[in-house]
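Only one structure is covered here, and it is reproduced in the block below.
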Amino acid sequence: MASVRTWYKVQQYRPLHHILRDCPRFRSSDPRDKVYALLGLTSDGSQEILSPDYSKSVESVYAESMLFMLRQDGSAIDMLLRAGLGYPREFGALPSWVPDFSIDRPTPFTIRGAQVHRTGTSHVPTMMLFEGRPEIFALKGTIISVVEHVGPTFQPDEVPAPSTSLGMTEGDPTLLYLQKWFRETISLVQSHVREPYPTGESLDEVFWRTLVGDINTQLQKHQPPASSCLAEAFGDFKRYFGIDSEEDLPGCVAVASGATSNKNTITRTLASVGEFIIAFYGCLMGMRLCITVEGSLAIVPPYSQPGDLVCVIWGATTPYLLRRRDAEPLKGAEDMDYYNLIGCCYVHGVMSGEIERVEEEGWIFLL
1 MASVRTWYKV QQYRPLHHIL RDCPRFRSSD PRDKVYALLG LTSDGSQEIL SPDYSKSVES
61 VYAESMLFML RQDGSAIDML LRAGLGYPRE FGALPSWVPD FSIDRPTPFT IRGAQVHRTG
121 TSHVPTMMLF EGRPEIFALK GTIISVVEHV GPTFQPDEVP APSTSLGMTE GDPTLLYLQK
181 WFRETISLVQ SHVREPYPTG ESLDEVFWRT LVGDINTQLQ KHQPPASSCL AEAFGDFKRY
241 FGIDSEEDLP GCVAVASGAT SNKNTITRTL ASVGEFIIAF YGCLMGMRLC ITVEGSLAIV
301 PPYSQPGDLV CVIWGATTPY LLRRRDAEPL KGAEDMDYYN LIGCCYVHGV MSGEIERVEE
361 EGWIFLL
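Residues 1 to 367 in my numbering are what the sequence shown spells out, letter by letter.
Now the structure itself:
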């Protein structure tokens with residue numbers, strides 16, 4: 001915390017949403033202090049507007065903080081990256097578009113909290129908030145697709161992270177978990193992802209790029225697309241863990257048993273496999289793959305369902321999933337559809353602003 005305080009003291013503009021973005025894993029005994037403890041670092045007026053009041057509920061503190069950030073700065077729209085009913089939440093009464101700041105988890109599809117994609121950033125974020133109905137938040141965007149198939153959630157917490165240095169026995173739970181997850185996922189991809197893919201890439205390339213969120217792990221700026229070196233690393237990863245491979249003995253078992261003795265080959269392979277594990281685990285942890293009705297491959301939150309809608313929100317760096325729900329309509333907006341925000345997602349082929357304005361764009365009302 002001391003290093004964060006030192007850093008922000010030298011910054012001229014210190015909005016609350018930047019500080020919350022950079023401090024998702026700081027802990028507090030009172031969940032309201034996930035916001036209140038950071039107010040002293042801000043320079044956007046949040047100290048006065050959100051002055052600590054412990055008579056308020058956690059839900060009220062989080063909702064008021066989100067409303068303040070959205071009113072102050074359009075770029076705060078990317079706080080939605082941490083929101084949605086598609087993830088575990090401690091405070092279920094929060095509106096779907098308000099993040100549960102008490103949850104200690106990294107922001108999806110970012111590198112150290114920094115956004116790297118630009119799905120809707122060519123458009124100006126346009127939002128409406130409503131006096132008397134603070135649970136409703138409207139923004140401009142367009143629905144581009146529907147989730148049709150979902151794969152198994154990747155839950156690395158269920159088993160230890162794979163060790164590339166010592167190898168594994170054939171019955172190792174991590175090895176068995178990875179083989180099962182990839183077997184089910186590859187079958188889903190081969191059955192339902194369209195080929196040729198609209199980007200012109202092969203199915204194998206679409207698959208490995210999606211697994212890492214197409215984030216470049218080799219350059220300091222981490223801008224997409226991912227380095228083609230990861231294609232070779234993915235091949236090494238599959239051979240090492242016996243995934244989609246014709247070899248009888250997975251490489252990790254061969255290393256553990258001594259069947260592979262060339263130290264130079266082992267060293268190179270382990271470095272390559274380790275690079276892919278870092279990128280893959282960092283992107284897919286706690287998420288799942290899905291396929292849209294058009295056959296596009298995507299990464300979505302763990303509680304996503306077939307029928308969820310894929311939406312591009314103006315000004316947002318990633319697409320989002322929505323789910324229709326019944327609600328008491330706003331006066332003058334009785335014919336509008338209302339949605340819960342499920343969460344941000346990665347859809348291969350639309351992450352760099354490929355979706356232009358379309359006739360179907362309009363207001364999306366979130367609850």
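Beta carbons are placed, not taken as given, at the ideal position from N, Cα and C, and that holds for glycine.
Have a look at residue i and residue j and give me their C-alpha separation to the nearest angstrom.
| i | j | result |
| --- | --- | --- |
| Y87 | W97 | 12 Å |
| I19 | P99 | 14 Å |
| S122 | W314 | 8 Å |
| V273 | D236 | 6 Å |
| A271 | F234 | 12 Å |
| T317 | C311 | 12 Å |
| G353 | E48 | 37 Å |
| F403 | K238 | In this structure the chain extends from 1 to 367, so residue 403 is not present and cannot be described. |
| P319 | C345 | 6 Å |
| A327 | S57 | 23 Å |
| P95 | R133 | 11 Å |
| I186 | L297 | 12 Å |
| R27 | Y54 | 17 Å |
| L81 | R323 | 16 Å |
| I278 | P329 | 45 Å |
| S302 | A231 | A quick correction: the sequence has Pro, not Ser, at residue 302. Approximately 26 Å, taken between the alpha carbons. |
Using 8 Å as the threshold, is the C-beta distance between residue i and residue j below it?
| i | j | result |
| --- | --- | --- |
| F241 | L289 | no |
| R21 | T107 | yes |
| L188 | Y197 | no |
| P224 | V116 | yes |
| F68 | L50 | yes |
| E90 | I103 | yes |
| L309 | Y338 | no |
| V293 | E131 | no |
| S364 | G141 | The amino acid at residue 364 is misidentified as Ser; the sequence shows Ile. Yes, the pair counts as a contact, with Cβ atoms nearer than the cut-off. |
| G343 | G84 | yes |
| I144 | I291 | no |
| L341 | C283 | no |
| F109 | G213 | yes |
| R71 | L129 | yes |
| P24 | R105 | yes |
Buried or exposed: residue i, going by 16 or more other Cβ atoms within 10 Å of its Cβ?
| i | result |
| --- | --- |
| P306 | exposed |
| S304 | buried |
| K34 | buried |
| L124 | Checking the displayed sequence, the identity of residue 124 turns out to be Val instead of Leu. Burial call: exposed. |
| T370 | Nothing about residue 370 can be reported from this structure: the residues present for the chain run from 1 to 367 only. |
| P15 | buried |
| M66 | buried |
| Y62 | buried |
| R209 | buried |
| A93 | exposed |
| G45 | exposed |
| G151 | buried |
Tell me the residue span of the beta strand (DSSP E) that contains residue i.
| i | result |
| --- | --- |
| I342 | Y338 to C344 |
| F137 | F137 to V150 |
| R324 | Y320 to R324 |
| M128 | M127 to L129 |
| V310 | L309 to I313 |
| L366 | G362 to L366 |
Who are the near neighbours of residue i in its chain, counting only those whose CB is closer than 8 Å to its CB and skipping five residues on each side?
| i | result |
| --- | --- |
| T199 | V206, H348 and G349 |
| G74 | V124, P125, M127 and G315 |
| E201 | R209 |
| Q190 | L203 |
Only counting the same chain, and skipping five residues up and downstream in sequence, which positions put a Cβ closer than 6 Å to that of residue i?
| i | result |
| --- | --- |
| E275 | A233 |
| G171 | none |
| Y36 | P52 |
| P31 | V58 and S102 |
| H17 | M69, A76 and M79 |
| R194 | G295 |
Taking the alpha helix (DSSP H) that residue i belongs to, which residues open and close that run?
| i | result |
| --- | --- |
| W97 | No alpha helix (DSSP H) contains W97, which DSSP labels as neither H nor E. |
| A231 | C229 to Y240 |
| A63 | V58 to Q72 |
| R21 | L16 to D22 |
| L203 | L203 to L211 |
Tell me which residues share the same chain as residue i and place their Cβ nearer than 7 Å to its Cβ, disregarding the 5 neighbours each side in the sequence.
| i | result |
| --- | --- |
| R118 | T317, S352 and G353 |
| E359 | Low per-residue confidence applies at E359: pLDDT is 48, beneath 50, and the placement is therefore not dependable enough to give any value. |
| R325 | Y338, Y339, N340 and L367 |
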